[in-house]
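Numbering (this note's numbering), first residue to last: -16 to 640.
Ideal Cβ positions, reconstructed from N, Cα and C, are used throughout, including at glycine.
Shown next, in structure tokens, is the structure this report addresses.
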């Protein structure tokens, strides 16, 4: 392929790929607009990005006392929204725009809000337990309370009667409960299960930042260009102004002539400023294009080092993921009860607040039998919006080591139909359910096909499921989930979200098809060179409004510097049973149509007859596409192309299939 044509093709591709910085500019404008909208709303909630406002919000809430559980639940909705906004700022802001001090500030705000929220739930539990005697059940004589909300569910049982035979605790109208030993059945205790449908226990994931050497050098270079242009223009304008002053001093009497000259100078200044603005805009887009490319490359780069070594019983959260929130299991000392005295309610308030009952006690010398402190049997309900493809694993939180552990838990059983998990726990504390984060990797196949103008359907098929995702403009939606050829109804179906919140929502539902930079340590993958992957996804996204792409078995057999996939022009009226696919091979800077077909017996890189090499996928498909198709490609919405590209980069279909 001659050099002149190659340069022409790359120049045309560069113009088409301007959609990526344009989409990023729109995102920046949206972020600025959301800040402005928050400012003019004046609803009392703080701007999470402003440290002073967050500190004021946290301080004021700390000072507020005697809140009931229901009041804390209501306030928690504001707090959880702030935490979510802070997490999205960290995830959605391009790494080059995030300063280290901002990352630290946002993460500290998140941790402070999480800690304060849990403290408030503890205080509200104490207030509730002080009234246990007035809320006692008439039949059992003990207090039982269930409070349900969209984000939190509280189950609390207070042992008022201390009946040694009452050892089975089941909360009304549920299977959730405990089998407590005799020593607890005769003690002044309360048992609390606080199920938070979110995980505020696991450590925050570090924020990925690119090696800024390449990006910053390009950015500095372009910034220098901008400054040079500005200096040159301002110098020109200054000289014109001086000339104007000189002339006005010399020929004051010729007012008319001076006015005409001023008009000429103003026109020159105006055109110079316009030229300056145009050059600045072009250079800014160049900077933005470089930073977008760096951020995209970051999404497909594999870490060269495996995460820190984990002990046998420790849970590696790069390999596993927590699902369905956290179950805070606590045995609590029953606080002094309210007593009615002459129309007043008198209550003793302990200075130390809500106290945990230590089980088993630190010293067991006073107890005769060896088995006086057996493990406690617990039955929990799995969150209805979470999918487990295998039986969930139960893990407990080690507060000292700050990690999840698998030891101290035994006799785990799971009833998938009832969604109940039962296990024995040596000692109480937070527990959660985990699943292999890579259970749906590698994928068995995938397809990306157009549905309408600026609208596509991405289908990813794994061993356990088939996930269909619709993408339009800057939004994604879960279209359907099939489990063992049966349709599964998910709460996410039909809900349009921007890509990053959508990906998080899918992960939290157990539908993880989004590898991390550490995933290659846990999955056997068909690893491709990151730059080749990025170029392929960018160009596939550019063509996605008119062309369908699909998985090819030959992608496994070509080396890591090349990718192979199926492609065809999507015609609405054609029969989709036997589509006419072409096989393309792409190395990042060279595209070719292969002679072999998907059904061929052996792999060959031979070029198909009457076809030629091209520098881009765009020019490769143009050889066999209709004019209408290429016109649609050129008029694609920039946000749509960017969203498709982000989803391809996040799923990494070419390396994980």
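Buried or exposed (CB count within 10 angstroms, at least 16 for buried), residue i
i, result
"residue 188", "exposed"
"residue 359", "buried"
"residue 531", "buried"
"residue 6", "buried"
"residue 110", "buried"
"residue 328", "exposed"
"residue 82", "exposed"
"residue 318", "buried"
"residue 338", "exposed"
"residue 70", "buried"
"residue 15", "exposed"
"residue 295", "exposed"
"residue 459", "buried"
"residue 128", "buried"
Whether residue i touches residue j by CB criterion (9 Å)
i, j, result
"residue 450", "residue 496", "yes"
"residue 508", "residue 638", "yes"
"residue 75", "residue 481", "yes"
"residue 413", "residue 271", "no"
"residue 392", "residue 403", "no"
"residue 466", "residue 485", "no"
"residue 419", "residue 274", "no"
"residue 517", "residue 283", "yes"
"residue 636", "residue 491", "no"
"residue 50", "residue 106", "yes"
"residue 276", "residue 456", "no"
"residue 90", "residue 73", "yes"
"residue 452", "residue 630", "yes"
"residue 340", "residue 170", "yes"
"residue 173", "residue 121", "no"
"residue 285", "residue 503", "yes"
"residue 308", "residue 415", "yes"
"residue 176", "residue 310", "yes"
"residue 567", "residue 604", "yes"
"residue 499", "residue 301", "yes"
"residue 135", "residue 380", "no"
"residue 303", "residue 372", "no"
Own chain, CB closer than 7 Å to residue i, minus 5 neighbours either side, in chain order
i, result
"residue 143", "115, 116, 119, 124, 125, 126"
"residue 153", "160"
"residue 297", "386, 388"
"residue 432", "439, 440, 531, 553"
"residue 494", "370, 450, 464"
"residue 615", "528, 529"
"residue 428", "444, 534, 640"
"residue 633", "282, 486, 497"
"residue -8", "597, 598, 599, 602"
"residue 45", "99"
Chain-order list of residues whose beta-carbon lies under 6 Å from that of residue i (same chain, five-residue window excluded)
i, result
"residue 376", "417"
"residue 233", "With a pLDDT of 49 at residue 233, under the threshold of 50, the modelled position of this residue cannot be trusted; read the value that follows with caution. Closer than 6 Å at Cβ, skipping near neighbours: no residue."
"residue 62", "96, 100"
"residue 86", "190"
"residue 1", "none"
"residue 293", "299"
"residue 575", "568, 590, 596"
Contact set for residue i: own chain, Cβ-Cβ below 8 Å, skip 5 residues either direction
i, result
"residue 216", "Note that residue 216 scores 43 on pLDDT, short of 50, meaning its location in the model is unreliable and no value can be drawn from it."
"residue 34", "88, 92"
"residue 11", "none"
"residue 18", "30, 32"
"residue 514", "280, 571"
"residue 592", "578"
"residue 52", "104, 107, 108, 110, 111, 130, 137"
Which runs of the alpha helix (DSSP H) spanning at least 4 residues fall entirely within the segment 480 to 542, listed in chain order?
-> 482 to 491, 513 to 526
May I have a chain-ordered list of the beta strand (DSSP E) segments no shorter than 3 residues that lie completely inside the segment 17 to 80?
-> none
Check whether the segment 593 to 606 touches the segment 619 to 633, taking contact to mean three or more Cβ pairs, one atom from each stretch, closer than 8 Å.
-> No: fewer than three Cβ pairs fall under 8 Å.
Could you give the uninterrupted runs of the alpha helix (DSSP H) lying entirely in the segment 125 to 197, keeping only those of 4 residues or more?
-> 165 to 168
Along the chain, which unbroken stretches of the beta strand (DSSP E) at least 3 residues long are found entirely within the segment 573 to 628?
-> 574 to 576
Using 8 Å as the Cβ pair cut-off and three pairs as the minimum, do the segment 151 to 166 and the segment 362 to 370 touch?
-> yes
Cβ contact (3+ pairs, closer than 8 Å) linking the segment 434 to 449 and the segment 514 to 530 | Judged by Cβ distances under 8 Å, the segment 434 to 449 makes contact with the segment 514 to 530, as three or more pairs qualify.
Taking three-plus beta-carbon pairs below 8 Å as touching, is the segment 576 to 585 in contact with the segment 502 to 518?
-> no
Do three or more CB pairs link the segment 567 to 575 to the segment 534 to 546 at distances below 8 Å?
-> yes
At which residue ranges does the segment 442 to 470 contain complete beta strand (DSSP E) runs of 3 or more residues, listed in the order of the chain?
-> 448 to 455, 458 to 466
Considering only residues of the segment 365 to 453, which uninterrupted beta strand (DSSP E) runs meet the minimum length of 3 residues and lie entirely inside it, listed in chain order?
-> 376 to 381, 386 to 388, 392 to 398, 403 to 408, 413 to 419, 428 to 435, 438 to 444
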